[in-house]
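Asker:
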Amino acid sequence: MDRRSFLKLGATTGVALAAKGAQANETGSPEEFVGVLVDTTRCIGCRSCERACSVANNLPVPDIENDGALAQVRDTSDKQWTVVNRFNTSKGEVFVKKQCLHCWQPACGAACLTNAMYKTRSGPVIWRPGKCMGCRFCMVSCPFDVPKFEYNEWNPKIQKCSMCWERLERGQRPACVNACPTDALMFGSKRQLMEVARVRIYNHPERYVHKIYGEYEVGGTGWLYLSAVPFEEIGFRTDLGTTPYPEYTRDFLYGVPLALFGLPALLLGLSLLARNDDNLLEGPES
Amino acid sequence: MTQSPTGLTAEVRRVLRFVISELWPKGPLLTPFNLISVPVILLGIGILAVRFVYGLGSVTNLSQKYPWGIWIGFDVVTGVAFAGGAYVLTFVVYVMGLEKYHPIVRATVLNGLLAYVFYAGALVLDLGRPWNVINPIIGNSFGYNSVLFLVSWHFMLYMLTEMLEFSPAVAEWLGLKRLRNILNSLTLGAVIFGVTLSMLHQSGLGALFLMAKPKIHPLWYTEFIPILFLVSSVYSGLSMVILEGTISHRVFSNQLDAAKHHQFDAMLLGLGKGAAITMFVYYFFKLLVFLHERHWNLLGSGWGVWYLVEVLGCVLVPCVLFISAVRTRSTGLLRVAAVWALFGILLNRLNISVIAFNWQSPVHYYPSWQEIVVTLTVVFTEIWVFRWIVVRMPVLREAHELPRGGSSVARATV
């Protein structure tokens with residue numbers, strides 16, 4: 651057993667143990683959320699993850715032998731859940747994998763009025779076709795513009811990375827993680843991944859910027875990123891804040907039940923006040 | 053319950069015969085409006101057929117960056133703001149007891165009802181998987197934590213309350229006196245429920261954009277969007293009542309007597325006063341938000357100029373126009389102010405939902421001609437239905453055939 655598969659095994663069993671331990675984390679979920687650590691200093695841009703993703707999820711398989719696709723910065727699409735982009739940075743060429751970040755408190759999930767966008771108990775944010783009515787409010791709300799819509803289908807689906815949720819249920823790892831030849835991707839619980847990420851920064855303080863993207867962004871994400879250059883240089887938005895996006899609508903939603911019961915009472919009172927009740931005024935004299 | 057079964061059957065038969073006889077057109081068919089609207093509606097239906105077979109992308113300019121276009125930004129978000137008159141006026145008349153506005157309540161409620169049925173209904177055209185639209189209603193998937201869940205439920209319930217508010221007119225049309233009296237007695241309850249729902253979903257439409265924080269230009273994004281939407285829906289609704297009332301009083305002048313025409317101008321000026329006050333409050337809110345966010349540095353850009361066009365040019369200016377129209381008692385100026393104010397609402401809603409949305413994106417959305425035709429189809433169809441109802445039911449005119457002055461409730465709804 652070589653070092654790589656040993657590490658991978660360790661990560662997988664670690665997750666399994668953590669899940670069995672049923673530790674309560676901050677969100678009160680009985681399981682720990684899982685995620686993936688992307689070390690962009692290790693990525694060589696081979697795009698094996700793109701192919702593995704498409705094969706595992708029955709999407710059109712991209713031709714990864716042809717490097718032409720890297721010429722421009724691409725976005726994920728309704729036909730491709732993950733893409734690898736090349737950035738020319740202050741420290742040379744950097745490759746960055748892009749896909750759904752599986753937020754701890756996803757905006758898409760809070761936006762969805764049918765619970766079609768759904769944060770599973772183990773962490774992946776998945777889309778459930780039987781519930782979705784195609785309103786695309788998830789797309790409006792997602793700060794990363796991840797959900798994609800099939801505009802040219804009579805029966806359109808929302809397409810986005812599911813962290814290979816079905817594979818996780820079977821005890822497997824996400825297809826992209828399996829396919830990565832350089833260990834740029836590591837699967838595990840967020841707690842473990844944070845420890846690994848910190849250790850790497852600690853051991854190689856000159857190699858990394860001292861920041862883990864996804865630790866706090868939008869309240870924390872399932873996927874975490876390490877980088878050698880500031881994250882703005884490799885296509886990340888760093889102006890999204892650390893507030894979980896559902897918080898932005900929470901105050902409004904909390905006000906609703908209050909208004910729903912308070913307002914009718916107020917209105918009824920007003921209407922009684924405004925009513926000209928002559929009998930009442932004239933009562934005592936007549 | 054005193055009627056015998058045979059009497060009831062005869063009544064049902066009479067009503068059915070009457071409804072069928074009323075279905076046929078009553079006016080001239082070759083009017084300019086008909087000549088323009090019929091081809092547009094037919095084309096719109098064709099476009100919708102293509103849309104439902106080949107997908108939204110076949111007729112719209114929507115993209116992954118712009119999931120919502122004018123079918124949401126104009127039809128739903130702006131249309132519902134325009135329809136705010138119904139809740140404002142029912143509040144003024146039934147809750148505050150300002151009887152002088154009574155004569156225009158029915159037309160306004162009908163307008164509100166149709167606006168919701170057609171504009172909020174246009175939401176269904178925009179849904180990718182419309183057959184699942186029942187999911188949040190029948191309860192197999194309640195997304196309680198979604199603002200859209202709240203808005204869609206409130207749309208639906210509000211349509212029902214507006215139907216209830218308008219139902220006495222239908223009962224009068226059908227000559228069902230007893231039913232009319234029962235429906236009348238429910239009006240105050242329906243109004244209170246309707247005003248509550250309206251305040252919640254008018255602000256809720258604004259709350260839809262709260263999570264789009266990184267996408268909306270900072271001059272337009274604020275955590276107070278819901279309050280701004282609510283306050284502006286008041287003067288938006290009042291302006292629409294002024295505009296719509298002016299048009300229907302010209303087009304359907306045969307439905308009204310001279311006394312009503314004169315009374316109408318006085319009412320419009322009163323509504324103008326309300327609009328002026330709420331517009332000023334709205335402007336003040338906008339100013340507070342601007343000062344609070346300290347956006348002085350953003351005013352220099354093109355977006356800043358565009359923002360000033362909206363806030364100064366299309367809120368402050370029509371507000372001043374409203375005030376001077378009321379002071380000079382000029383209904384002509386009042387109509388100009390109303391149209392201007394409505395344009396300002398349109399600009400604001402489109403800025404938030406479409407124009408200043410994804411402002412940093414290099415590629416921008418503009419509606420395709422098919423999207424515009426479908427929008428016109430929705431508007432024209434609504435006008436057809438409005439005309440059909442106004443010509444037949446006692447909306448603008450009074451229901452002479454019914455006894456009046458019996459109970460206070462009956463007097464209150466004519």
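Residue numbers (my numbering), protein chains in the order written: chain A, 651 to 936; chain B, 53 to 466.
All residues carry an ideal CB built from backbone N, CA and C; glycine is no exception.
Could you confirm whether any beta carbon from chain A is found closer than 8 Å to the beta carbon of P182 (chain B)?
Answerer: With a threshold of 8 Å between beta carbons, P182 (chain B) makes contact with chain A.
Asker: Check the C-beta distance from F886 (chain A) over to Y863 (chain A) and give it rounded, since I have them as a contact under 8 Å.
Answerer: 6 Å
Asker: Give a yes or no on whether the C-beta atoms belonging to G872 (chain A) and L751 (chain A) are separated by under 8 Å.
Answerer: yes
Asker: List the whole-angstrom C-beta distance separating L876 (chain A) from A847 (chain A), where the pair is believed to meet the contact cut-off of C-beta under 8 Å.
Answerer: Indeed, because the Cβ distance is near 6 Å, the residues count as touching under 8 Å.
Asker: Tell me where the beta strand (DSSP E) around R736 (chain A) begins and ends.
Answerer: 733–739
Asker: What residue does the beta strand (DSSP E) around Y768 (chain A) start on, and which one ends it?
Answerer: 767–769
Asker: Taking only the alpha-carbon atoms, compute the straight-line gap between W348 (chain B) and A223 (chain B) and give it to the nearest angstrom.
Answerer: 57 Å
Asker: Opposite G871 (chain A) in the DSSP bridges: which residues?
Answerer: Residue 871 (chain A) is actually Thr in this sequence, not Gly. A:C753, per the DSSP bridge assignment.
Asker: Would you please verify whether the beta carbon of L910 (chain A) is less than 8 Å from any beta carbon of chain B?
Answerer: yes
Asker: Measuring only the C-alpha atoms, how far is T380 (chain B) from I124 (chain B)?
Answerer: 39 Å
Asker: Output yes or no for whether 8 Å exceeds the beta carbon distance between M331 (chain B) and C371 (chain B).
Answerer: Between M331 (chain B) and C371 (chain B), the gap from beta carbon to beta carbon is short of 8 Å.
Asker: Measuring alpha carbon to alpha carbon, tell me which of A:K840, A:K798, A:K741 ends up nearest E682 (chain A).
Answerer: For the options A:K840, A:K798, A:K741, the alpha carbon positioned closest to that of E682 (chain A) is the one of A:K840.
Asker: For the segment 863–883 of chain A, list every residue whose C-beta sits within 8 Å of some C-beta in chain B, in sequence order.
Answerer: Near chain B, meaning a CB-to-CB distance below 8 Å, no residue of the segment 863–883 of chain A qualifies.
Asker: Does the segment 317–330 of chain B come close enough to the segment 373–389 of chain B that 3 or more CB-CB pairs lie under 8 Å?
Answerer: With a cut-off of 8 Å, the segment 317–330 of chain B and the segment 373–389 of chain B count as touching, because enough Cβ pairs lie within range.
Asker: Looking at the secondary structure, which residues open and close the alpha helix (DSSP H) in which D317 (chain B) lies?
Answerer: For D317 (chain B), the uninterrupted alpha helix (DSSP H) run begins and ends at 310–345, by DSSP.
Asker: Hey, is F787 (chain A)'s beta-carbon within less than 8 Å of any beta-carbon in chain B?
Answerer: yes
Asker: Does the beta carbon of S812 (chain A) sit closer than 8 Å to a beta carbon anywhere in chain C?
Answerer: No chain C appears in this structure, whose protein chains are A and B.
Asker: Answer with buried or exposed for S198 (chain B), where buried requires no fewer than 16 other C-beta atoms within 10 angstroms of its C-beta.
Answerer: buried
Asker: If you measure from the beta carbon of A259 (chain B) to each beta carbon in chain A, is any gap under 8 Å?
Answerer: yes
Asker: Cβ of L212 (chain B) less than 8 Å from any chain A Cβ?
Answerer: no
Asker: Quick check on DSSP: helix, strand or coil for I808 (chain A)?
Answerer: Here I808 (chain A) sits in strand by DSSP.
Asker: Would you mind working out which of B:F134, B:I189, B:W183, B:V64 sits nearest L166 (chain B), comparing C-alpha positions?
Answerer: B:F134
Asker: Taking the beta strand (DSSP E) that G384 (chain B) belongs to, which residues open and close that run?
Answerer: Run containing G384 (chain B): none in the beta strand (DSSP E); it sits in the alpha helix (DSSP H), 383–402.
Asker: Drop a sphere of 10 angstroms on the beta-carbon of Y168 (chain B), count the other beta-carbons inside from all chains shown, and report buried for 16 or more, exposed for fewer.
Answerer: buried
Asker: Pop quiz: P779 (chain A) and K807 (chain A) are said to be a contact at Cβ under 8 Å. What is the actual Cβ separation, rounded to whole angstroms?
Answerer: 6 Å
Asker: For G195 (chain B), count the other beta carbons within 10 Å of its own beta carbon; 16 or more makes it buried, fewer makes it exposed. Which is it?
Answerer: When all chains shown are included, G195 (chain B) counts as buried.
Asker: So that I know if they touch, is there some Cβ in chain A lying closer than 8 Å to that of N349 (chain B)?
Answerer: Under the Cβ criterion of 8 Å, N349 (chain B) is not counted among the residues facing chain A.
Asker: Expressed to the nearest angstrom, what Euclidean distance is found between the alpha-carbon atoms of V303 (chain B) and K78 (chain B)?
Answerer: 14 Å
Asker: Do L402 (chain B) and T130 (chain B) count as a contact pair if the criterion is CB distance below 8 Å?
Answerer: yes
Asker: Ends of the beta strand (DSSP E) at D689 (chain A)?
Answerer: That run of the beta strand (DSSP E) goes 684–689.
Asker: Report yes or no: is there a C-beta of chain B within less than 8 Å of the C-beta of A847 (chain A)?
Answerer: no
Asker: Note down, in chain order, every chain A residue with its Cβ under 8 Å from the Cβ of M208 (chain B).
Answerer: Neighbours of M208 (chain B) on chain A: none; closest Cβ ~12 Å, over 8 Å.
Asker: So Y153 (chain B) contacts chain A; which residues on that side make the cut at Cβ distance below 8 Å?
Answerer: What Y153 (chain B) touches in chain A: nothing, since even the nearest Cβ is about 13 Å away.
Asker: Can you tell me which of the three DSSP states G297 (chain B) falls into?
Answerer: When secondary structure is reduced to three states using DSSP, G297 (chain B) falls in the helix class.
Asker: Along chain B, in chain order, which residues have C-beta atoms closer than 9 Å to that of E700 (chain A)?
Answerer: Neighbours of E700 (chain A) on chain B: none; closest Cβ ~18 Å, over 9 Å.
Asker: Exposed or buried, what is A760 (chain A) when buried is set at 16 or more other beta-carbons lying within 10 Å of its beta-carbon?
Answerer: buried
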